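Taking our numbering, I'd label the letters of the sequence shown as residues 1057 to 1252.
Glycine is no exception: its CB is placed at the ideal position from the N, C-alpha and C atoms.
Please read all numbers here as calculations on a predicted model, not as lab measurements.
Encoded as structure tokens, the structure appears first; notes follow it.
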Amino acid sequence: MEALLPLLGFAVATSATPGPNTLMVAASAANHGFRAVLPHVLGIAFGFAAMIWLAGLGLALPLMASPLLHQVVKWGGAAWLAWLAWKIACAGAPGAGPARPPLGFLGAVLFQWVNPKAWMIILAAIPAFTRPGEDLLPQISLIALVFAAVGVPSAGLWGVIGAGAGRVLRPGRGLRAFNIAMAVLMLASLIPALRH
């Protein structure tokens, strides 16, 4: 239990800082409002916690053992994130063109598996906050629970920021500039993951 405070600090630092999840929530909230992104926020928290739990109990072992598989997942995820950044940058003003709903709960859950930042966090958190020789299930469950608890307010804060920006910047160029800024930040958030 002495590792709980450091784990909490790590979870807050990695969940609240800009990354693909938070930037997608901010951009969606700017275009659709805060209520519309609540399923996305909940999907991030649930999906990442489930990913920690499954990866910690062995699913990440093939990824860690195979450099080729690691590279395929990393670059495939980066390509998908680049495509999402493009879609965010090209998003028109609300009401212009066909309406595209924000990412929902299931989409956010599944998105975690191709998010390079999520994999970096997991591959750092599991060895740092587990003890060899002790029962792994309660340790992994605690890590997943802490990230789930921190994930909702962290992503929710970005939703509030995005919704506020959407109200201030509507309509026209201001919102378009915000979308482009979110897309550029999303691409920039991939740099640390792609360097390793």
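- Taking 4 residues as the minimum length, the alpha helix (DSSP H) runs contained wholly in the region 1158-1226 are 1161-1167, 1172-1184 and 1192-1225, in order along the chain.
- Residue state for Thr1070 is assigned as helix, using DSSP reduced to three classes.
- Annotated three-state conformation of Gly1075 is coil, per DSSP.
- Closest by C-alpha distance to Ala1082, out of Ala1244, Leu1243, Gly1222 and Ile1247, is Gly1222.
- Taken through DSSP and simplified to helix, strand or coil, Ala1059 comes out as coil.
- In terms of CA proximity to Gly1218, Gly1089 leads the group Phe1104, Gly1207, Gly1114 and Gly1089.
- Spatial neighbours of Ile1178 in its own chain (CB-CB distance under 8 Å, excluding positions within 5 residues in sequence) are listed in chain order as Met1107, Ile1108, Ala1111, Gly1112 and Ala1116.
- Between the alpha carbons of Pro1158 and Pro1095 lies a gap of roughly 9 Å.
- From the listed residues Gly1160, Leu1162, Ser1071 and Ala1181, the smallest Cα separation to Gly1207 is found for Ser1071.
- The beta-carbon distance between Val1170 and Gly1103, rounded to whole angstroms, is 11 Å. This is too long to meet the 8 Å contact definition.
- DSSP places Gly1103 within a helical segment (H, G or I) once states are collapsed to three.
- Comparing alpha carbon positions, the residue from Ala1244, Leu1098, Ile1236 and Val1068 closest to Cys1146 is Ile1236.
- Taking a 10 Å sphere around the C-beta of Val1097, we find 16 or more other C-beta atoms and assign the residue as buried.
- Residue environment: Gly1075 is assigned as buried (16 or more neighbouring CB atoms within 10 Å of its CB, all protein chains considered).
- Of the residues Ile1199, Met1176, Ile1182 and Ala1205, the one whose Cα lies closest to the Cα of Gly1099 is Ala1205.
- Setting aside the 5 residues that flank it on each side, Phe1161 is surrounded in the same chain by Pro1095, His1096, Leu1098, Gly1099 and Phe1102, each with a C-beta closer than 8 Å to its C-beta; the list follows chain order.
- When Trp1142, Leu1063, Gly1114 and Leu1064 are compared, the shortest CA-CA separation from Ala1244 is found for Trp1142.
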